[in-house]
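Residues in the sequence shown are numbered from 274 upward in steps of one, following the working numbering. In this text, a Cβ means the ideal position worked out from N, Cα and C, and glycines have one as well.
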Amino acid sequence: MLQIDQYLQAQAARFEEELCEFLRIASISADPQHRPDMERAAAWLAEQFARLGFASEVIPTERHPLVFAQSPEVPGAPTVLVYGHYDVQPVEPLQMWLSPPFEPTRRDGNLYARGATDDKGQMLTHIKSAEAWLRVRGRLPVNLKYIIEGEEEVGSVSLEQYLESHADRLACDCVVISDGAQFAPGVPAITYGLRGIAYYELRLSGPNRDLHSGSFGGTVTNPANALVRILSALVDERGRVQLPGFYDDVIPLTPRERRQIAELPFDEQQYLAQVGVENSTGEEGYSLLERRWARPTYDINGLWSGYQGEGAKTVLPATAGAKFSFRLVPNQQPAKITAALKQRIAELCPPGVRWELLDLHGSPGVLIPLDSPYVEAAARAIERAFGRRPVYTREGGSIPVVGKFHQVLRCPVLLLGWGRDDDNTHSPNEKFSLEDFHRGIRASVWLWEEIACLQS
Ligand SMILES: [Zn+2]
274 MLQIDQYLQA
284 QAARFEEELC
294 EFLRIASISA
304 DPQHRPDMER
314 AAAWLAEQFA
324 RLGFASEVIP
334 TERHPLVFAQ
344 SPEVPGAPTV
354 LVYGHYDVQP
364 VEPLQMWLSP
374 PFEPTRRDGN
384 LYARGATDDK
394 GQMLTHIKSA
404 EAWLRVRGRL
414 PVNLKYIIEG
424 EEEVGSVSLE
434 QYLESHADRL
444 ACDCVVISDG
454 AQFAPGVPAI
464 TYGLRGIAYY
474 ELRLSGPNRD
484 LHSGSFGGTV
494 TNPANALVRI
504 LSALVDERGR
514 VQLPGFYDDV
524 IPLTPRERRQ
534 IAELPFDEQQ
544 YLAQVGVENS
554 TGEEGYSLLE
564 RRWARPTYDI
574 NGLWSGYQGE
584 GAKTVLPATA
594 GAKFSFRLVP
604 NQQPAKITAA
614 LKQRIAELCP
624 PGVRWELLDL
634 HGSPGVLIPL
644 DSPYVEAAAR
654 AIERAFGRRP
664 VYTREGGSIP
674 VVGKFHQVLR
684 CPVLLLGWGR
694 DDDNTHSPNE
704 KFSLEDFHRG
714 IRASVWLWEE
724 IACLQS
């Protein structure tokens, strides 16, 4: 293994130079003017793979091309699919950047550029690790496939279509994604769970026009009154969602998970101070991190009705509406939640008001069992590179593409973030620590070996 370490050291400067080259391509997916840059970024990647002797292909889509690559076959070895994205966020406001976003600049051990951490730098770690194996050992310990998209920042539509129609081509034993952050600098994390979501719009309509509340109040149902009554009945004072069967499919936290979450260095006061509130609230019986990561929740996202202007207007509004959503946890199914919600609204809606529920979008949560051998392999690889065991975390939000991989390819998805929370993703002065870049490459090198060991 010494030789691979030596190779990585000897090539470190060149790896950084190649990352800079990649970062100079202004591949902003949202901006049609940058279409040629999208093509250039895809071609740049295909060239990287070609140099390694991988079969690679730039796949045109309706929007931005996908890049697929595959290593020469290693018979009998497991297959890993690496996912990443070469598109980046827009750079405005430009005047806030200390150095131009597409002129990578080194400052204080960091490389500053749009896309440095999200996701060009992190993605490249998994290509350079393959290079190290091939140049030093002449072969890879695992079969590698790569699928790299150019639409992550604009909704991943083409990738999702490709995944559905090419599941065979992408078939693998596990998926590896590095597009996130460590738990804290030097405290690497494996993210093994994501929440899902079920998002709705409720529209209520009552009388055929806005009415005078003096003439009609107390005689016909006010849709705004009905709306708040329905919305508030969906949760009780203890933070429990009030839908029939809502908790039936929830996978409870295991004692091991609860212990691990409790041991994380997490400062609740700082978390609350950040958002300017004094106390946390939520479902009784669970810690803040447990509620945020592993318990389902309900939030009103917007609501409207009646008079919104200055001063008073005595109106009994004709309509009222709201957008609201449930964050779901594995194994809750959005379709089942929708059915229960319709039943509940039908019960709660008073006479004199008609209701319509729009199902805006839903996706289930993802949970990779902590005792999965792939999680263990990743933990060992990370420990070898970072010098400490990773912590295990979950994510309160959802990453639609992760859910899709999990659902279509039916294998563990390893979320291994090499970045940091203060990397300014999507903001001015995005950066990636060069130390993290090189640690990421090392972790990836050992990951291929640890995964290979699972089958021997
Ligand atoms: Zn990203």
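My output table needs one value for glutamine 343: the three-state DSSP class, helix, strand or coil.
In this structure, glutamine 343 counts as strand in the three-state DSSP scheme.
Going by the DSSP bridge assignment, what does leucine 631 pair with across the sheet?
Glu474
List, from N- to C-terminal side, the beta strand (DSSP E) runs of 3 residues or more that fit wholly inside the stretch 666 to 724.
686 to 689, 704 to 706
Hey, which unbroken runs of the beta strand (DSSP E) at 3 residues or more fall wholly within the stretch 278 to 336?
328 to 332
Could you have a look at glycine 594 and say whether DSSP puts it in helix, strand or coil?
DSSP places glycine 594 in strand when its eight states are reduced to three.
Of the residues Trp317, Ala286, His634, which one's Cα is nearest the Cα of serine 300?
The option with the nearest alpha carbon to serine 300 is Trp317.
Determine which residues share a DSSP beta bridge with valine 353 and list them.
Paired residues: Leu417, Cys447.
Considering just the uninterrupted stretch of the beta strand (DSSP E) at isoleucine 573, what are its terminal residues?
570 to 578
Give the straight-line distance between the Cα atoms of lysine 505 and glycine 518, rounded to the nearest whole angstrom.
According to the sequence displayed, residue 505 carries serine and not lysine. Whole-angstrom Cα-Cα distance: 18 Å.
With a threshold of 16 other CB atoms inside 10 Å of the CB of proline 374, please say whether the residue is buried or exposed.
buried
When DSSP builds the beta bridges, which residues end up paired with glutamate 422?
His358
Since valine 664 and glycine 638 are thought to touch, with beta carbons under 8 Å apart, how far apart are those beta carbons, to the nearest angstrom?
So it is not a contact: roughly 20 Å between Cβ atoms.
Looking at the structure shown, is asparagine 495 part of a helix, part of a strand, or coil, going by DSSP?
coil
What span of residues does the beta strand (DSSP E) with alanine 462 cover, start to end?
462 to 467
In terms of residue numbering, what span does the beta strand (DSSP E) encompassing threonine 378 cover?
Counting along the chain, the beta strand (DSSP E) containing threonine 378 begins and ends at 378 to 380.
At a cut-off of 8 Å, is threonine 698 close to ligand 1 when judged by its beta-carbon and the heavy atoms of the ligand?
yes
So alanine 725 and proline 414 are in contact, right, with Cβ under 8 Å, and what is the actual spacing, rounded?
4 Å
For leucine 477, collect the residues of the same chain with a Cβ closer than 6 Å to its Cβ; drop the 5 residues on either side in sequence, then sort them by chain order.
Pro496, Ala499, Leu500, Ala593, Val626, Trp628
Is any heavy atom of ligand 1 found at a distance shorter than 8 Å from the C-beta of aspartate 709?
no
Looking only at DSSP bridge pairs, what is lysine 439 linked to?
Residue identity differs from the one stated: residue 439 is histidine in this sequence, not lysine. Looking at the DSSP assignment, histidine 439 forms no beta bridge with any residue, so it has no partner.
Alpha carbon to alpha carbon, how far is lysine 596 from leucine 436? Give it in angstroms, no decimals.
30 Å
Which value, in whole angstroms, describes the spacing of the CA atoms of glutamate 536 and phenylalanine 341?
Taking C-alpha positions only, glutamate 536 is separated from phenylalanine 341 by approximately 40 Å.
Identify the continuous alpha helix (DSSP H) that holds tyrosine 647 and give its terminal residues.
Element bounds for tyrosine 647: 646 to 659.
Touch check for the stretch 432 to 452 and the stretch 391 to 409: three-plus C-beta pairs under 8 Å?
yes
Do glycine 469 and serine 671 have their C-beta atoms within less than 9 Å of each other?
yes
Please report the residue range of the alpha helix (DSSP H) in which tyrosine 520 lies.
Where tyrosine 520 is concerned, there is no enclosing alpha helix (DSSP H), given that its DSSP letter is neither H nor E.
Can histidine 358 be considered in contact with ligand 1, in the sense that its beta carbon sits closer than 8 Å to one or more heavy atoms?
Yes, ligand 1 has a heavy atom inside 8 Å of this Cβ.
Would you say aspartate 737 touches ligand 1, meaning its beta carbon is less than 8 Å from a heavy atom?
For the chain, the structure presents residues 274 to 729; residue 737 sits outside this window and is missing.
Determine the direct distance from the alpha carbon of glutamate 557 to that of proline 345, and round the result to whole angstroms.
Straight-line Cα distance between these residues: approximately 53 Å.
Just grab the DSSP bridge partners of arginine 600 for me.
Ile470, Thr570
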